[in-house]
Amino acid sequence: MTEYDTVPAAVDDEEEIPGDHPRYQDLLTRHRIEEGVKKGITHLQGMHAEGRGSAFDYLIGEETIESADEAARVAAATLLLAETPVLSVNGNVAALVPAETVALAEAVDADIEINLFNRTPERMAAIEAHLKQHGATEVRGLEADASIPGLEHARGTVDADGIYAADVVVVPLEDGDRAEALGRMGKTEIVIDLNPLSRSPQVADVPIVDNVIRAVPNITAHARELENASAEKLQAIVEDFDAAGALTDAERRIRQGELE
Ligand code: PTJ
Numbered sequence: 150m151t152e153y154d155t156v157p158a159a160v161d162d163e164e165e166i167p168g169d170h171p172r173y174q175d176l177l178t179r180h181r182i183e184e185g186v187k188k189g190i191t192h193l194q195g196m197h198a199e200g201r202g203s204a205f206d207y208l209i210g211e212e213t214i215e216s217a218d219e220a221a222r223v224a225a226a227t228l229l230l231a232e233t234p235v236l237s238v239n240g241n242v243a244a245l246v247p248a249e250t251v252a253l254a255e256a257v258d259a260d261i262e263i264n265l266f267n268r269t270p271e272r273m274a275a276i277e278a279h280l281k282q283h284g285a286t287e288v289r290g291l292e293a294d295a296s297i298p299g300l301e302h303a304r305g306t307v308d309a310d311g312i313y314a315a316d317v318v319v320v321p322l323e324d325g326d327r328a329e330a331l332g333r334m335g336k337t338e339i340v341i342d343l344n345p346l347s348r349s350p351q352v353a354d355v356p357i358v359d360n361v362i363r364a365v366p367n368i369t370a371h372a373r374e375l376e377n378a379s380a381e382k383l384q385a386i387v388e389d390f391d392a393a394g395a396l397t398d399a400e401r402r403i404r405q406g407e408l409e
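Right under this line is the structure:
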């Protein structure tokens, strides 16, 4: 029994959510975030973030739009070309896509690093344990021996041989300040965010306007399909990408319910 159990959840286990429910994905997402809060993985603010994301997803149609799928393919090519890619994990990402994050890291040979907006030793430890339960062997972020210039201490804390040294960073559901600061460090940023007007996708090299629940496995699927592609082909995929066009496309879908 925890302090959060006074009002019982609709289901105790995600297996109980009916697969044919029209809002299945949203119910699953809510359940995972709720469990994340109970386990000390997800910050209470993560519930606000999820509510906002859920509203945008509703307007997008709770599906991966074509421009987001293309962005996921570009993300896969970018990661396959990278020398030291890192997948950044916060409390929402850990709760929503732990196994999927491990699978992506394996597919593109990336490191996983916990990077929290609301950093506490307890949350760092709980997320590390959770990722390891879902198959991660090494989790970065606990060394905390470097910082992102321009951010106050806790939010900018990173590993010197992790995010600090990375050439490409995947930052799902990121805070705008940190996304900008990582950009100033010269990192190539792949941002997953359902709000195309948010600062993080606006400053990203590769903005993916999609639910992290769909986007992470989608990048992995593209990476598997591209794993034997030549560097020239991967480079061409990256160079052809129009980041501003992808954001405009997603905004049009949200505002007008249609695509060009
Ligand atoms: O775990 P911590 O301490 O690092 O904190 C994480 C949160 C998410 C609480 C923190 O980074 C935060 O407050 O983020 P924001 O500023 O609320 O931004 C979250 C963004 O992610 C918003 O633009 C949401 O629309 C978007 N979002 C929320 N859920 C999803 C999402 N995007 C993709 N998939 C989602 N499931």
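Going by my numbering, the sequence shown opens with residue 150, and the numbers climb by one from there.
Cβ coordinates follow ideal geometry from the N, Cα and C atoms, glycine included.
Computed from a predicted model, the values in this text were never measured in an experiment.
The beta carbon of aspartate 206 is closer than 6 Å to those of Leu343, Asn360 in its chain, skipping five residues each way along the sequence.
At a Cβ-Cβ threshold of 8 Å, valine 242 and threonine 250 count as neighbours.
It is roughly 26 Å from the alpha-carbon of glycine 189 to the alpha-carbon of aspartate 310. Rounded to the nearest angstrom, the gap between the Cα atoms of aspartate 169 and leucine 245 is 20 Å. In chain order, Ile261, Glu277, Leu280 place their CB closer than 6 Å to the CB of valine 288, counting only its own chain and leaving out the 5 sequence neighbours on each side. In the three-state scheme derived from DSSP, where H, G and I count as helix and E and B as strand, serine 237 is classed as strand. The beta carbon of aspartate 218 lies closer than 7 Å to those of Asn367 in the same chain, with the five residues before and after it left out. Threonine 337: member of the beta strand (DSSP E) spanning 337-341, first to last residue.
If you check the C-beta of glycine 240 against the ligand PTJ, you find a heavy atom less than 7 Å away.
In terms of Cβ geometry, alanine 372 and alanine 225 form a close pair [threshold 8 Å]. Aspartate 162 sits in coil when the DSSP states are folded into three classes, being neither helix nor strand. In the displayed model, isoleucine 357 falls within a strand according to three-state DSSP.
From the listed residues Thr213, Ala285, Arg268, the smallest Cα separation to alanine 248 is found for Ala285.
Beta-carbon to beta-carbon, isoleucine 357 and valine 340 are separated by about 7 Å, close enough to satisfy the 8 Å threshold.
For isoleucine 214, there is no enclosing beta strand (DSSP E), as DSSP gives it neither H nor E. Following the DSSP letters along the chain, one finds proline 247 inside the alpha helix (DSSP H) bounded by residues 247-257. For glutamate 184, the enclosing alpha helix (DSSP H) has its first and last residue at 173-187. The shortest CA-to-CA distance from leucine 228 to any of Leu331, Leu396, Ala259 is the one to Ala259.
For glutamine 194, the shortest separation between its Cβ and any heavy atom of the ligand PTJ lies below 7 Å. Residue range 317-321 is occupied by the beta strand (DSSP E) that includes valine 317. A Cβ-Cβ contact shorter than 8 Å links serine 349 with valine 320. Taking the C-beta atoms as reference points, valine 387 is found nearer than 8 Å to valine 223.
Checking the 7 Å criterion, the Cβ of alanine 198 is within range of a heavy atom belonging to the ligand PTJ.
Taken through DSSP and simplified to helix, strand or coil, valine 352 comes out as helix. Spanning the alpha carbons of glycine 335 and alanine 254 requires a straight line of approximately 21 Å.
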